[in-house]
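Structure, as structure tokens:
Protein chains: 2
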Amino acid sequence: MMVEKNISQAVIRRLPRYYRYLGQLLEEDVEVERISSHELSQMMKVTASQIRQDLNNFGGFGQQGYGYNVKFLYTEIGKILGLEQNHNVIIIGSGHLGQALANYKSFGKRGFTFTAMFDKDPKVVGTKVGDITIKAMDDLGAFLKENQVDIATLAIPKDAAEEVADLLVENGVKAIWNFAHLDLEVPRDVIVENVHLSESLMRLSYDLNQNKGEYKKDAYKSR
Amino acid sequence: MMVEKNISQAVIRRLPRYYRYLGQLLEEDVEVERISSHELSQMMKVTASQIRQDLNNFGGFGQQGYGYNVKFLYTEIGKILGLEQNHNVIIIGSGHLGQALANYKSFGKRGFTFTAMFDKDPKVVGTKVGDITIKAMDDLGAFLKENQVDIATLAIPKDAAEEVADLLVENGVKAIWNFAHLDLEVPRDVIVENVHLSESLMRLSYDLNQNKGEYKKDAYKSR
DNA sequence: TTGAATTTGAGAAAAATATAGCAATATTTT
DNA sequence: AAAATATTGCTATATTTTTCTCAAATTCAA
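Going line by line, the protein sequences match chains Z and U. Heads up, our numbering is the position in the first sequence plus 69, with the first residue counted as 1. Heads up, our numbering is the position in the second sequence plus 69, with the first residue counted as 1.
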């Protein structure tokens with residue numbers, strides 16, 4: 070029977086970073102063949118223990134006295150992340166954000182293929198973004214029925230997002246990459262990965278505030 | 070003496086989301102005056118206990134038997150996040166991503182003012198993005214010396230990012246909003262908030278893989 | 001080839017985070 | 001005005017996550 074250990078979100082959040090560092094090692098002039106958790110920990114500024122623990126969730130990738138084979142580990146993490154299989158990605162919204170995402174060449178290397186872009190503005194429908202011709206939003210439903218779409222990217226304002234998300238879900242899309250500033254309501258088997266830029270900026274603002282010592286916790290006690 | 074309790078990153082990550090929900094309540098047709106941790110917990114799909122615990126890190130904002138005053142709580146969280154003071158933000162890189170960020174109108178509402186944009190491509194220098202005229206990268210150093218810059222946004226490829234970051238740090242910038250796919254090396258008093266889009270997409274891919282049951286942990290055990 | 005040095009994997013301990021429980025206090029109802 | 005209900009803030013408990021430790025396996029140096 071398969072062991073169904075649940076892997077924590079914290080571990081999963083870190084996996085892509087391991088993948089990035091290992092990829093960098095492979096790209097370097099003198100390609101590194103092996104690396105120990107200790108060496109990697111110094112590069113990445115995390116504990117060696119955490120690296121070993123994280124990797125062990127997925128299996129014993131290393132060897133005592135040797136460390137980890139960089140290429141092997143890189144490939145395995147890629148498999149874990151599902152990067153060895155292709156994903157068809159569409160983008161809803163052809164604004165700057167949508168176009169920025171469409172132009173990320175590096176995504177292609179990792180098994181993500183942008184197959185279509187949609188916009189509701191008739192003025193841009195029919196124009197091209199790279200190789201892709203922007204389609205009308207009205208054609209989205211039909212497109213979804215005729216084409217395999219693994220990931221739909223929502224790069225539209227929040228007011229329009231829920232409606233489009235519903236349409237996506239109705240047509241069997243199982244994963245949404247959401248850049249709209251709201252939490253989408255979707256069935257449990259649909260995955261939503263949020264990129265809330267404004268929240269990121271607020272965290273930065275918070276940290277700035279802390280450094281400046283502007284904010285005094287105590288003040289709130291005596292309101 | 071001021072109590073110097075350390076507030077965990079987990080709490081800080083959640084604050085902007087509370088802020089967003091409270092803001093939504095204030096924008097609704099029938100403005101809500103008060104809310105209990107229980108009601109908010111149902112909206113946000115977290116436990117009421119967590120909400121109370123989180124807020125209590127910063128002070129007692131609620132009242133027994135009543136709950137929290139929405140407007141008051143919203144304002145206070147805004148203060149905690151440093152949103153009541155203005156931040157001058159510059160953007161390095163005038164590609165689609167840079168322009169997307171420049172056009173986020175909602176940032177302006179929250180005390181972020183975009184004051185300049187830089188690009189190394191002579192063809193775009195001098196052209197306008199909204200009200201802002203794109204400046205040459207060579208002028209960045211001088212600009213930093215003459216203007217107060219609270220946050221610098223790096224929307225450039227990773228190969229150029231470290232060099233620009235060094236220049237920013239040399240000229241006293243204390244906060245970097247980094248969209249380049251690398252970890253910047255900066256002194257400890259400089260804050261870096263990373264937005265690694267490719268990592269976000271990989272997490273989505275991981276989750277997709279899990280749902281499909283494509284990935285079997287056990288397989289790795291017997292390599 | 002042998003002994004010293006490395007380094008993993010895994011279990012145990014420690015730390016951090018989240019949840020539950022409840023006294024105190026306010027609000028609402030009767 | 002009294003009783004019932006609601007709800008916080010805080011403490012205690014439970015859970016999760018991270019770090020520590022070390023035996024076992026491997027590599028490296030002489």
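Ideal placement from N, C-alpha and C gives every residue a C-beta, glycine not left out. Since the model is a prediction, treat every value here as computed from it, not as a measurement.
(message) So, at 6 Å on beta carbons, what are the nonlocal neighbours of Asn263 of chain U in its own chain, with the 5 sequence-adjacent residues on each side left out?
(response) On the second sequence, residue 263 of chain U is found 194 positions in, with the first residue counted as 1. In its chain, beyond the 5 residues on either side, Asn247 have a beta carbon closer than 6 Å to the beta carbon of Asn263 of chain U.
(request) Consider the C-beta atom of Phe176 of chain U and the heavy atoms of the ligand NAD; say whether any pair is separated by less than 7 Å. (result) For the ligand NAD, the structure offers nothing, since it holds no ligand at all.
(request) Use the C-beta contact count for Val99 of chain U: other C-beta atoms within 10 angstroms, 16 or more gives buried, fewer gives exposed. (result) What you label residue 99 of chain U is simply residue 30 of the second sequence in a count that begins at 1. A residue is called buried once 16 or more other Cβ atoms fall within 10 Å of its Cβ, and Val99 of chain U, having fewer, is exposed.
(message) Quick check: the Cα distance between Asp208 of chain Z and Ala224 of chain Z, rounded to an integer number of angstroms?
(response) One-based indexing of the first sequence puts residue 208 of chain Z at position 139. One-based indexing of the first sequence puts residue 224 of chain Z at position 155. Distance between the alpha carbons of Asp208 of chain Z and Ala224 of chain Z is about 17 Å.
(message) Please tell me whether Ser274 of chain U and His265 of chain Z are closer than 8 Å, where the distance is taken between their beta carbons.
(response) Here residue 274 of chain U is taken as the residue at index 205 of the second sequence, counted from 1. Here residue 265 of chain Z is taken as the residue at index 196 of the first sequence, counted from 1. No, the Cβ-Cβ distance between Ser274 of chain U and His265 of chain Z is not below 8 Å.
(message) Using the Cβ count rule (16 or more neighbours within 10 Å means buried), how would you classify Asp200 of chain U?
(response) For this step, residue 200 of chain U is matched to residue 131 along the second sequence. Exposed: under 16 other Cβ atoms inside 10 Å.
(request) Label Arg89 of chain U either buried or exposed according to how many other C-beta atoms from any shown protein chain fall within 10 Å of its C-beta, with 16 as the threshold for buried. (result) On the second sequence, position 20 is the one that residue 89 of chain U refers to. Result: buried.
(message) Cutting at 7 Å between CB atoms, please list the residues of its own chain near Val238 of chain Z, excluding the five before and the five after it.
(response) Position 169 of the first sequence, counted from the start, is the residue given in the question as residue 238 of chain Z. Only Val255, Pro256, Val259 meet the Cβ criterion.
(request) Measuring only between beta-carbons, confirm whether Lys286 of chain U sits less than 8 Å from chain Z. (result) For the purposes of this step, residue 286 of chain U is taken as the residue at position 217 of the second sequence. Because the pLDDT at Lys286 of chain U is just 37, under 50, the model does not fix this residue reliably, and the value given afterwards should be weighed accordingly. Taking Cβ atoms only, chain Z reaches closer than 8 Å to Lys286 of chain U, which makes this a yes.
(message) Please list the terminal residues of the continuous beta strand (DSSP E) segment that includes Tyr143 of chain Z.
(response) For this step, residue 143 of chain Z is matched to residue 74 along the first sequence. Premise fails: Tyr143 of chain Z lies in the alpha helix (DSSP H), 139-149, not in any beta strand (DSSP E).
(request) Can you give me the start and stop residues for the beta strand (DSSP E) that Asp188 of chain U sits inside? (result) Stepping through the second sequence from its first residue, residue 188 of chain U is reached at position 119. Its beta strand (DSSP E) spans residues 181-188.
(request) Would you list, in chain order, the members of the region 131-144 of chain Z that have their beta-carbon closer than 7 Å to a beta-carbon of chain U? (result) none
(message) Runs of 4 residues minimum, wholly inside the region 180-240 of chain Z: which ones carry the alpha helix (DSSP H) assignment?
(response) 209-215, 227-239, all fully within the region 180-240 of chain Z.
(message) Within the continuous beta strand (DSSP E) that includes His156 of chain Z, where are the two ends?
(response) Residue mapping note: residue 156 of chain Z aligns to position 87 of the first sequence, counting from 1. Segment 156-161, the beta strand (DSSP E) holding His156 of chain Z.
(request) Pick helix, strand or coil for Asn126 of chain Z, following the three-state DSSP scheme. (result) Residue numbering aside, residue 126 of chain Z sits at position 57 when the first sequence is read from its first letter. Here Asn126 of chain Z sits in coil by DSSP.
(message) Give me the DSSP bridge partner(s) of Val261 of chain Z.
(response) On the first sequence, residue 261 of chain Z is found 192 positions in, with the first residue counted as 1. Bridge partners of Val261 of chain Z: Z:Ile245.
(message) Taking the straight line between their C-alpha atoms, what separation do you get for Lys290 of chain U and Lys140 of chain Z?
(response) Taking the first residue of the second sequence as 1, we reach residue 290 of chain U at position 221. Taking the first residue of the first sequence as 1, we reach residue 140 of chain Z at position 71. In this predicted model, Lys290 of chain U has a pLDDT of only 27, less than 50, meaning its place in the structure is not dependable; the value taken from the coordinates is given anyway. Straight-line Cα distance between these residues: approximately 18 Å.
(message) So Val264 of chain Z contacts chain U; which residues on that side make the cut at Cβ distance below 8 Å?
(response) The sequence position of residue 264 of chain Z within the first sequence is 195, counting from 1. By Cβ distance, chain U contributes Val264, Leu266, Ser269.
(request) Compute the beta-carbon to beta-carbon distance between Ser267 of chain U and Ile203 of chain U, rounded to the nearest angstrom, for a pair I have assumed lies under 8 Å. (result) The sequence position of residue 267 of chain U within the second sequence is 198, counting from 1. The sequence position of residue 203 of chain U within the second sequence is 134, counting from 1. In fact, because the Cβ distance is near 26 Å, the residues do not count as touching under 8 Å.
(message) Under 8 Å, CB to CB, which of the residues in the region 219-246 of chain Z have a partner in chain U?
(response) Asp219, Ile220, Lys243, Ala244, Trp246
(request) Compute the Euclidean distance between the alpha carbons of Thr182 of chain U and Phe176 of chain U, then round it to the nearest angstrom. (result) Position 113 of the second sequence holds residue 182 of chain U. Position 107 of the second sequence holds residue 176 of chain U. A direct Cα-to-Cα measurement between Thr182 of chain U and Phe176 of chain U gives close to 8 Å.
(request) Sort out for me which residues DSSP pairs Gln132 of chain U with in a bridge. (result) In the second sequence, counting from the first residue as 1, residue 132 of chain U sits at position 63. According to DSSP, Gln132 of chain U bridges with U:Gly136.
(request) Closer than 7 Å by C-beta to Ala288 of chain U: which residues in its own chain qualify, once you throw out the five before and the five after it? Chain order, please. (result) Within the second sequence, the letter at position 219 stands for residue 288 of chain U. The predicted position of Ala288 of chain U is uncertain, since its pLDDT is 32 and thus under 50; no value can be drawn from it.
(request) Would you kindly report the start and end of the unbroken alpha helix (DSSP H) that includes Leu152 of chain Z? (result) Start at 1 with the first residue of the first sequence, and residue 152 of chain Z comes out as number 83. For Leu152 of chain Z, no alpha helix (DSSP H) segment is defined, and its DSSP state is neither H nor E.
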